[in-house]
Structure formats: structure tokens, C-alpha cells
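Residue numbers (the working numbering): 76 to 379. The beta-carbon is built from N, C-alpha and C at its ideal position, and this holds for glycine as well. Keep in mind it's a predicted model, so treat the numbers as computed, not measured.
Below you can see the structure in the form of C-alpha cells.
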């Protein structure tokens, strides 16, 4: 009785199911032990079959509890992701030029992962982190985020805060914590010249390095307030040039292997309706000159 009472009152041990085996057949004692958390009570002498049945029921009950908890957590995560998706939609609604960007990055980075024979859980995680990578831009003022010309150094310093803002927004969500390095470090550069932490090479999580390639590609082939979109071929040339500098060579190689699929995908095809949003989001491929000052590769921003 004393042991059961102590187990029942312990915040850690009290959750562990246990069966009492005793020669005491007093029903009042049995009732008390069951009230104090015993999952079963076997009166000695008992045969092996009784013990097996008791343990099997205990395992079955515990499995059902775990299953219900899993269902609860799944529902909680779905609701959480729905709320975050609403934030992303609100963010992208602020600017017609960035609509669908997060969705496109998620698609591209999961294709890279599939090419690397990643498992379904890793691919799903990359899809979520790709969708969330720019969530921190919700905290960037419109007059900077939507500025149609060159950013000043002070304005770009504000833009550079969006990975930290994003990680802060999502940091309190347990299921998202493994993905925070992607949100925080997708603008780190392979040569160490990126932000916010100046990480270099394999100091940057592989998922973040993969996301950086997908993010850069989609930024290059998308219209922006300060420039028109580049062609697929020109974007791929720039990405190839940046191996070992801004971008991870291993990730660039994986991305290049997808070139044919990407080029033929409606997600990455041109449309005559400039400025018209479609779902999947239209990507325009129009050769153009560049406006420097947005920090990305060769004067092109990979942060938009």
C-alpha cells in the first residue's frame, strides 16, 4: 500500500502502469490499490495464463492511450499549421510579386530531397520548413519590404532580421523546433558571408543549404518590384556560378539534376499575364537587366 501511494503521488513514476501481485484477497485493499493507480491486481497463487491476459490488456490499454495522444497531437499540429499558413497567406497578400513563393520553395526543396532518396518524414519536414522559411517577413514594414528601388544599408539591415523574427515566432511550438535552423539559417552562405550568424559550409544544416538553393532559384525567376524575372537558363547559370560561394556545391548538384523537370513544370513556366496570381503560382521567365542593392547574387536579392 505504501509503495502504491508513493508511486501514485510521484509526477514521473505515477504515469507508469504497474500490476500488483499479492496473496491478500481483501476487496477493499484491491479497490484502494486500483484507486491509487494500479493497472491490475493478481491474487497469489495465479497461473501463467492469468498473468498473460492481464499484461496483454495492460499493453492494449496503454496503446490506446498513446494512440489517442498521437491523434490529439496530430490535430493540434494541423490547427497550428493552419494558423501559420494563414499568416503566410496574409504576408504574401501584401505583395503580388511574392505570392506563392513559399509554396514554390517547398515544392522545389522536397524534389531535391526526393532525388537524394530522403525518407517520407524528412520530405514532409522540408515541405513544412520550405513553406515557413520567410514567415519572419510578417514583421518587416511595408515601406521596406515593398520598396520598388534600391534599399539603403539601414533598410537592408531591417530585411536581414526576418530569419530571426521567423525563428522567434515559431520557437515556442514544440513540433516546429527541429525546423528552426532552416527558418533561421536559409540566408547563410556557404563561404560564411551570409546572415544572421555568419555560418560556413557544413556548419549550416543541410536542410537550410537545400532551402537556400530553392529560394535563390525561385527569387531569380520571379518578378520583383525593382526588376523583371530572369529566364530559367540564366537563373541556372547564376546558381552554377555561386557553387562554393553563396550556395552549397552538393545542393547545387542535386538541384541541377532536376533541371528538366523544373523547366517543364507549370509551377515554373511563363505566363503572358504579368502580375496575375494563379495557383499554382505563375513564374515568369523574362530576361532583364538588374538593379543592384538587394544583396543577393550578382545584385539580385535571394531574400525576396
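Cβ neighbours of residue 224 within its own chain (closer than 6 Å, five residues either side excluded): 301. Of all alpha-carbon atoms in 277, 177, 317 and 268, the one lying nearest the alpha-carbon of residue 293 is that of 177. Contact between the region 267-280 and the region 188-197 is absent: fewer than three C-beta pairs spanning the two stretches fall below 8 Å. Going by beta carbons, residue 204 and residue 282 fall inside the 8 Å limit. DSSP lists 302 as the bridge partner or partners of residue 299. Residues 262 and 263 of the same chain have their beta carbon placed closer than 6 Å to that of residue 269, with the five preceding and five following residues left out of the count. Counting C-beta atoms within 10 angstroms of its own C-beta, residue 212 has 16 or more neighbours from the protein chains shown and is therefore classed as buried. With a cutoff of 8 Å on beta-carbon distance, residue 321 and residue 231 are scored as not near each other.
Between residue 259 and residue 239, the C-beta spacing is below 8 Å. For residue 189, the enclosing alpha helix (DSSP H) starts and ends at 176-190.
When the beta-carbon positions are compared, residue 289 and residue 180 come within less than 8 Å of each other. Apart from the 5 residues on each side of it in sequence, residue 323 sits with its Cβ closer than 6 Å to the Cβ of 265 and 284 in its chain, given in chain order.
Unbroken beta strand (DSSP E) runs of no fewer than 3 residues, entirely contained in the region 125-179, are not found. The shortest CA-to-CA distance from residue 312 to any of 102, 331 and 235 is the one to 331. Under the DSSP assignment, residue 241 falls in the alpha helix (DSSP H) whose first and last residues are 237-245.
Pairing residue 210 with residue 248 gives a Cβ-Cβ distance that is not under 8 Å. Relative to the Cα of residue 327, the nearest Cα in the group 222, 142, 184 and 202 belongs to 184.
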